[in-house]
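Going by our numbering, the residue at position 12 of the sequence shown is 13; the numbering climbs one at a time, nothing skipped.
Heads up, the beta-carbon is just placed ideally off N, CA and C, and yes, glycines get one too.
Following: one structure in structure tokens, then a few remarks.
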Amino acid sequence: MKFDDYHINEDIKYNLEKLGFKKPTDIQYKSIPPILRGEDVLAIAQTGTGKTAAFAIPIIHLIHEKKSSKRTDYVKCVVLAPTHELALQITEVFEKIANKTRVKIACIFGGVDQQPQIDTLYKGVDIVIATPGRMFDLQSQGVLDLSKIDILVLDEADHMLDLGFIRDIQDMIHFLPKIRQTLFFSATINENIKKLAYSLVKNAIRIQISPKDPVSRNIQHAVVFIESDDKRFFLERIINEHPESKILIFVRTKVRAERVAKAMERVDIKSLTMHSDKDHEERTKVMNAFKKGTTKILIATDINARGIDIPNVDYVVNYDLPEEPENYVHRVGRTGRGDKKGQAISFCSSEEKPVLKVIETFLHNPIHVIEIDREDRAATIDFAKDNVVKEDLNALLREVEELELKKKKKRKK
Ligand code: ADP
Ligand code: MG
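What follows is the structure, given as structure tokens:
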């Protein structure tokens with residue numbers, strides 16, 4: 002089946018062709034028809050399998066068909082996502098697919114001036130793609146009216162229904178029309194969240210693709226046992242051995258992100274960091290540099306584990322194991338997207354072994370272990386230590402030079 006064979010608006014088909022999408026991915030093939038029929042859908046499919054377009058295509062078609070002109074009088078669809086980066090990325094996909102149709106789209110998120118967002122809403126939009134906080138703000142100020150929406154989408158649904166957001170989402174549902182279409186999309190879901198999801202929908206169609214192994218088959222992933230103090234030497238080695246590769250490194254906390262970046266800087270490796278202490282502008286700058294590839298090394302916390310579609314990430318390194326087992330799937334899922342292949346490697350220290358067990362239980366599979374023989378281990382650490390020594394030596398030489406200079410000046414006097 003090709004997109005050409007679908008009963009969807011011709012402009013949408015043209016836009017898909019321009020995006021290089023010829024035929025639907027599995028999740029698109031399975032989700033588009035029920036969404037077009039107005040059904041509720043709970044869709045679980047691996048990372049990088051095109052879930053965004055799986056809901057964007059039918060939603061844009063339905064709204065386009067419903068409108069007789071470009072005039073927009075009310076918000077018909079809300080898509081919620083956990084981070085600004087993801088909201089912006091989804092907006093970009095919607096805009097490309099909706100190009101030249103009657104559908105108007107806006108993206109709203111916190112951490113920036115709200116006035117431009119209010120101005121956009123007043124002009125009239127059909128679809129709002131938002132992070133929850135700012136959406137509730139604007140709704141409580143009476144700027145955003147959700148009382149007529151036809152479709153609610155939760156992307157990264159399990160996360161959106163998890164602790165931090167669930168109260169907000171439940172509150173929000175009171176403001177929505179009782180008869181509406183609700184769509185949940187995610188790569189992971191657990192039993193509790195599944196129950197919660199079902200309580201919010203009517204007879205949802207459940208679509209699950211490759212439920213047994215949540216890690217995409219495009220990703221080769223393995224674990225290597227390395228003690229905490231040695232991790233930086235192994236990271237240095239991986240980076241130096243793959244100078245052309247785009248590498249995304251995940252760490253446990255923002256402090257560690259900065260610390261690892263500093264350690265890399267000391268051995269002349271340039272990197273960027275990404276975490277919640279950075280403001281919107283900085284985060285956008287970092288993402289753009291990494292997307293373009295002007296900086297090939299990005300050290301991030303779990304804030305960017307979900308949903309982000311960065312082209313050509315060759316390697317994901319879990320410098321620390323994630324505390325939430327599902328984040329393992331999301332982190333490694335930043336590589337091997339679409340039809341690309343990717344590799345992921347996790348560093349596991351002795352203290353992290355219990356966390357590894359929890360992750361493996363979540364995956365229903367053990368993670369392949371890469372053995373490093375003693376010599377190799379010693380060489381990696383020694384090699385890196387040599388550099389440290391060299392650096393110390395350089396500093397010492399500089400000091401000696403400066404001293405000599407001072408002495409010379411004194412003598413001249
Ligand atoms: P997911 O949300 O499942 O992790 P995304 O929606 O971010 O995945 O899509 C992953 C990548 O696949 C994107 O780069 C997107 O452009 C590409 N893609 C999506 N659908 C198709 C398609 N039908 N044909 C080719 N590439 C596609
Ligand atoms: Mg996604």
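Next item on the list: Confirm the yes/no value for this check: CB of Arg338, any heavy atom of ligand 1, distance under 7 Å.
Entry: Reading the sequence shown from its first residue, position 337 is the one you call residue 338. Arg338 Cβ: within cutoff of ligand 1.
Note to self: Does the distance between the C-beta of Pro215 and the nearest non-hydrogen atom of ligand 1 fall short of 7 Å?
What the structure shows: The residue given as residue 215 occupies position 214 in the sequence shown. Because no heavy atom of ligand 1 lies under 7 Å away, the Cβ of Pro215 does not count as near it: no.
Check: Excluding sequence positions up to five away, which residues of its chain have a Cβ less than 7 Å from the Cβ of Leu322?
Finding: Residue numbering aside, residue 322 sits at position 321 when the sequence shown is read from its first letter. Excluding positions up to five away in sequence, the list reads Ser347, Cys349, Glu353, Val356, Leu357, Ile360.
Margin query: Just verifying my parser: in three-state terms, what is the DSSP assignment at Met275?
Written below: By one-based count along the sequence shown, residue 275 stands at place 274. Looking at Met275 - three-state DSSP - the assignment turns out to be strand.
Notebook entry, point to check: Looking at the structure shown, is Gln344 part of a helix, part of a strand, or coil, going by DSSP?
Noted result: Taking the first residue of the sequence shown as position 1, residue 344 is located at position 343. Note: Gln344 maps to strand in three-state DSSP.
Check: Per the contact definition of three or more C-beta pairs closer than 8 Å, is the stretch 100-118 in contact with the stretch 182-197?
Finding: no
Check: Where does Asp156 sit, in a helix, a strand or coil, going by DSSP?
Finding: Numbered from 1 along the sequence shown, position 155 holds the residue referred to as residue 156. Asp156: strand per DSSP, three-state reduction.
Note to self: Could you check whether the Cβ of Lys341 sits closer than 7 Å to any heavy atom belonging to ligand 2?
What the structure shows: For the purposes of this step, residue 341 is taken as residue 340 along the sequence shown, with counting starting at 1. Not under cutoff, so the answer is no.
Next item on the list: Would you decide whether Glu86 is buried or exposed? Buried here means 16 or more other CB atoms lie within 10 Å of its CB.
Entry: Working through the sequence shown from its first residue, we reach residue 86 at position 85. Glu86 comes out buried.
Check: Mapping DSSP to helix, strand and coil, what is Ile311?
Finding: Locating residue 311 in the sequence shown gives position 310, where the first residue counts as 1. Looking at Ile311 - three-state DSSP - the assignment turns out to be coil, as it is neither helix nor strand.
Margin query: According to DSSP, Asn319 sits in a beta bridge with which residue or residues?
Written below: Looking up residue 319 in the sequence shown gives position 318. DSSP, once it has assigned bridges, lists Phe251, Ser347 as partnering Asn319.
Next item on the list: Say yes only if the C-beta of Lys52 is nearer than 7 Å to one or more non-hydrogen atoms of ligand 2, and no if none qualify.
Entry: Against the sequence shown, residue 52 aligns to sequence position 51. Checking every heavy atom of ligand 2 against the Cβ of Lys52, one is found closer than 7 Å.
Next item on the list: Ignoring anything shorter than 3 residues or poking outside the stretch 199-254, list the beta strand (DSSP E) runs there in chain order.
Entry: 206-209, 220-226, 248-251
Next item on the list: Please confirm whether any heavy atom of ligand 1 lies closer than 7 Å to the CB of Asp310.
Entry: Indexing the sequence shown from 1 puts residue 310 at position 309. Result yes, Cβ under 7 Å from ligand 1.
Note to self: Excluding the 5 residues flanking Val390 on each side, which residues of the same chain have their C-beta closer than 6 Å to its C-beta?
What the structure shows: Reading the sequence shown from its first residue, position 389 is the one you call residue 390. Low confidence applies here, because Val390 scores a pLDDT of 47, under 50, leaving its location unreliable; read the following figure in that light. Counting only Cβ-Cβ distances below 6 Å, and skipping sequence neighbours, we find nothing.
Margin query: When you measure from the CB of Pro59 to every non-hydrogen atom of ligand 3, does any distance come out below 7 Å?
Written below: As for ligand 3, it is missing from this structure, which binds only ligand 1 and ligand 2.
Notebook entry, point to check: By how many angstroms is the C-alpha of Arg168 removed from the C-alpha of Leu81?
Noted result: Looking up residue 81 in the sequence shown gives position 80. Looking up residue 168 in the sequence shown gives position 167. One C-alpha to the other measures close to 14 Å.
Check: Are the CB atoms of Thr189 and Glu11 nearer to each other than 8 Å?
Finding: Mapped onto the sequence shown, residue 189 falls at position 188. Mapped onto the sequence shown, residue 11 falls at position 10. No, they are not a contact pair.
Checklist line | DSSP three-state assignment for Glu392, whether helix, strand or coil | finding: Translated into the one-based positions of the sequence shown, residue 392 becomes position 391. Per-residue confidence for Glu392 stands at a pLDDT of 49, beneath the threshold of 50, marking its modelled position as unreliable; the derived number appears in the next sentence. The answer is helix: DSSP assigns Glu392 an H, G or I state.
Note to self: DSSP three-state label for Phe186, please.
What the structure shows: Position 185 of the sequence shown, counting from 1, holds the residue named residue 186. In the structure shown, Phe186 sits in a strand (DSSP, three-state: E or B).
Note to self: Here's the rule I'm using: 16 or more other beta-carbon atoms within 10 Å means buried, otherwise exposed. How should Asn219 be labelled?
What the structure shows: Counted from its first residue, the sequence shown places residue 219 at position 218. So Asn219 ends up on the buried side.
Next item on the list: With DSSP as the reference, label Val370 as helix, strand or coil.
Entry: Numbered from its first residue, the sequence shown carries residue 370 at position 369. Three-state result, Val370: strand.
Item checked: Cβ pair His160, Arg307 closer than 8 Å -> Position 159 of the sequence shown, counted from the start, is the residue given in the question as residue 160. Position 306 of the sequence shown, counted from the start, is the residue given in the question as residue 307. A contact, by the Cβ cut-off of 8 Å.
Notebook entry, point to check: How many whole angstroms separate the CB atoms of Ile240 and Ile248, which I take to be in contact at a CB cut-off of 8 Å?
Noted result: In the sequence shown, the residue the question calls residue 240 occupies position 239. In the sequence shown, the residue the question calls residue 248 occupies position 247. Correct: roughly 6 Å between the Cβ atoms.
Check: Does the distance from the CB of Gln182 to the CB of Ile152 come in under 8 Å?
Finding: Taking the sequence shown and counting its residues from 1, the one referred to as residue 182 is at position 181. Taking the sequence shown and counting its residues from 1, the one referred to as residue 152 is at position 151. Taking 8 Å as the Cβ cut-off, Gln182 and Ile152 qualify as a contacting pair.
Notebook entry, point to check: How would you call Val370, buried or exposed, if buried means at least 16 neighbouring beta carbons within 10 angstroms?
Noted result: Counting from one through the sequence shown, the residue named residue 370 turns up at place 369. Val370 comes out exposed.
Item checked: Extent of the continuous alpha helix (DSSP H) to which Leu17 belongs -> Within the sequence shown, residue 17 is the residue found at index 16, counting from 1. That run of the alpha helix (DSSP H) goes 11-19.
Checklist line | Closest by C-alpha distance to Asp214, when choosing among Gln142, Thr362, Ile58, Lys101 | finding: For the purposes of this step, residue 214 is taken as residue 213 along the sequence shown, with counting starting at 1. Comparing Cα-Cα distances from Asp214 to each of Gln142, Thr362, Ile58, Lys101, the minimum goes to Thr362.
Item checked: Bounding residues of the beta strand (DSSP E) (the contiguous stretch that carries Val333) -> Here the question's residue 333 lines up with position 332 in the sequence shown. Looking at the DSSP string, Val333 is not in any beta strand (DSSP E); the run it does join, the alpha helix (DSSP H), is 326-333.
Checklist line | Residues near Glu259 in its chain [Cβ-Cβ closer than 7 Å; skip 5 each side] | finding: Numbered from its first residue, the sequence shown carries residue 259 at position 258. Result list for Glu259: Thr274, in chain order.
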